[in-house]
Amino acid sequence: MKLLTPYRLGPLTLPNRLVMAPLTRSRHPNHVPNVLTPTYYAQRASAGLLIAEATQVTPRGVGYPDTPGIHNDAQVAAWRQVTDLVHAVGGRIVLQLWHVGRRSHSAFLGGRLPVAPSPIPIAGKRVPLPDGSKADYEVPHPLTIAEIEETAEAYRLGAAHAKRAGFDGVEIHAANGYLIEQFLASGTNHRTDAYGGSVPNRVRFLLDVTAAVLDVWDADRVGVRFSFGTGANGVVDDDPVATFGYTVERMADAGLTYVHAMRPNRYMGTARDSQPDFIRLARQRFPRTVIANGDFDRADGERAVRDGQADLIAYGRPFIANPDLALRFAAQAAGLDAPLAKADPRTYYGGGPEGYTDYPLWTATGVGIHPVLESDDAESDNTKSDPVESDGA
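If you want it as structure tokens, here you go:
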């Protein structure tokens, strides 16, 4: 089964081609990873690669309750506990760098307006607030040139903090209708300066962010994620194929080690055949690793790898309920009865161990055991919002 064969990703040797997609869990009070987070990730460290959940590079980038950050010392220290434990059990983990842009509200931002390339609010939806109520989206503040430069610097600092925290690399979150995609897409970027208008201009902010991140990390430890065609958070483009193709080529020029592309899927509310095949387009335009994401099962993922459509397959929800997903896939391929557990959507966001660290492992006898880590490190590290569209499927 090719999905379970090793793969070389830059300097990292992955034992298999399964990637745990970034999964926002909203379990981090004060935006600091909680005491259960090291166990949660270490339980899933048999994946070829873990991409830690979307993590704000600045307080101005917050848009959901209890999502983690990487912009202060407390967050760095908490993430260091995660990476230390993941490495102790043989895993590899990168951090996704995030800014939500207009997908926020002044209630998250100390009374300041959310920011965006242009003053265009999300229409037809309401934003969940920290107190559990909902409100209309506000007209965002359009970033000035100076503020764009400050935001790129926030990504550089976030990347530096991720290195201090012991991550093996970083992923730039340019997907799901958040700030970078708001700049990329013609529907949300109506600027008339050097950051708007033509495709090269709309890609300029991503290039600034990429350059800032590469000031900290070697390119072979940096990836980028896209979700063109999903329409997430109301972001659409007049010619997504042209925009995506050009953007991917610029990421190739920058030397990034992978492109993580999401196809339309049921969880994003878009039919799989409703948009062009952006994963195939990434394969055509990007010379290095392509990670495919978007409601893949075992057979679908195996087919994509065997056919050369992608090198790695990112699974999201299956990893929530199956910490040992690679083992279950191997058992299924061997003809054993190793069904996948189903995650409980009621425990996706917020809460304690239930639905987070209490999903059992599969055994050949069919008796599940809880994946408790038996190391001293594990013991020392373990003393409801709407669905978050940064989730992998």
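Numbering-wise (this note's numbering), the sequence shown opens with residue 1 and increments by one. We treat Cβ as the ideally placed atom computed from N, Cα and C, and that holds for glycine.
Residue burial classification, residue i (beta-carbon count within 10 angstroms, cutoff 16)
| i | result |
| --- | --- |
| Ser46 | buried |
| Leu18 | buried |
| Gly234 | buried |
| Arg60 | buried |
| Glu389 | Residue confidence for Glu389 is low, a pLDDT of 45 falling below 50, so the modelled location carries little weight; the figure read from the coordinates is stated next. By the 10 Å Cβ count, Glu389 comes out buried. |
| Ala152 | buried |
| Asp406 | The structure shown has nothing for residue 406, since the chain only spans 1 to 393. |
| Val372 | The predicted position of Val372 is uncertain, since its pLDDT is 48 and thus under 50; a value taken from the coordinates is nonetheless stated next. When all chains shown are included, Val372 counts as exposed. |
| Arg25 | buried |
| Asp218 | exposed |
| Leu9 | buried |
| Glu302 | buried |
| Glu143 | One point to set straight first is that residue 143 is Leu, not Glu, in the sequence displayed. Looking at its Cβ environment, which holds 16 or more other Cβ atoms inside 10 Å, Leu143 is buried. |
| Asp311 | buried |
| Pro11 | exposed |
| Thr192 | exposed |
| Pro287 | exposed |
| Gly91 | buried |
Beta-carbon gap between residue i and residue j smaller than 7 Å
| i | j | result |
| --- | --- | --- |
| Pro33 | Pro6 | no |
| Ile313 | Phe296 | yes |
| Leu50 | Phe167 | no |
| Val127 | Ala135 | yes |
| Pro130 | Ala162 | no |
| Val290 | Arg298 | no |
| Val86 | Tyr41 | yes |
| Leu14 | Gly63 | no |
| Ala21 | Gly316 | yes |
| Val89 | Pro38 | no |
| Asn201 | Ala194 | yes |
| Leu97 | Thr357 | no |
| Arg306 | Lys2 | yes |
| Ile411 | Ala146 | Look at the range of the chain in this structure, 1 to 393, and you will see that residue 411 is not part of it. |
| Arg44 | Pro323 | yes |
| Asn394 | Ala232 | A query on residue 394 cannot be resolved here, the shown segment of the chain reaching from 1 to 393 and no further. |
| Trp442 | Ala338 | No answer is possible for residue 442: it lies beyond the span of the chain, which begins at 1 and ends at 393. |
Cβ neighbours of residue i in the same chain (closer than 6 Å, five flanking residues each side left out)
| i | result |
| --- | --- |
| Ala399 | It is not possible to answer for residue 399, since the shown part of the chain is limited to 1 through 393. |
| Ala330 | Leu4 |
| Ser104 | Gly63 and Pro114 |
| Phe228 | Pro240, Phe244 and Phe278 |
| Ile180 | Ala174 and Leu206 |
| Ser395 | Outside the shown range of the chain (1 to 393) lies residue 395, about which nothing can therefore be said. |
Spatial neighbours of residue i in its chain, beta-carbon cut-off 7 Å, leaving aside the 5 residues before and after
| i | result |
| --- | --- |
| Val203 | Leu184, Tyr246, Thr247 and Arg250 |
| Gln405 | What the structure shows of the chain is the stretch from 1 to 393, and residue 405 is not part of that stretch, so it cannot be assessed. |
| Val216 | Arg156, Ala159, Ala160 and Lys163 |
| Pro318 | Leu325 and Leu340 |
| His139 | Strictly speaking, residue 139 in this sequence is Val, with His absent from that position. Counting only Cβ-Cβ distances below 7 Å, and skipping sequence neighbours, we find Pro119 and Pro121. |
| Leu336 | Ala364 |
| Asp73 | none |
Contact set for residue i: own chain, Cβ-Cβ below 8 Å, skip 5 residues either direction
| i | result |
| --- | --- |
| Gly355 | Ile320, Ala343, Asp344, Arg346, Thr347 and Tyr348 |
| Pro353 | Leu36 |
| Asp208 | Ile148, Glu149 and Ala152 |
Contained alpha helix (DSSP H) runs [length at least 4] in the region 37-81, N- to C-terminal order: The DSSP assignment places 37-43 as complete runs of the alpha helix (DSSP H) inside the region 37-81, in order along the chain (cut-off: 4 residues).
Quick check for students: name the residue ranges of the beta strand (DSSP E) that lie wholly in the region 207-295, counting only runs of 3 or more. Counting whole runs of 3 or more residues, the region 207-295 contains the beta strand (DSSP E) stretches 222-226, 258-262 and 289-293.
Taking contact to mean at least 3 C-beta pairs separated by less than 8 Å, is the region 73-85 in contact with the region 112-123? Short answer: they don't touch.
Identify every run of the alpha helix (DSSP H) within the region 138-198, keeping only runs that are complete inside it and at least 4 residues long; order them along the chain. You should have 145-164 and 179-184.
Contact the region 13-31 vs the region 238-245: 3+ CB pairs below 8 Å: No: fewer than three Cβ pairs fall under 8 Å.
Segment contact, 8 Å Cβ cut-off, at least three pairs: the region 104-111 with the region 158-176: Two segments are said to touch when three or more pairs of C-beta atoms, one from each, lie closer than 8 Å; by this definition the region 104-111 does not touch the region 158-176.
Between the region 245-256 and the region 221-236, do three or more beta carbon pairs fall short of 8 Å? Taking 8 Å as the limit for Cβ pairs, the verdict is that the region 221-236 does touch the region 245-256.
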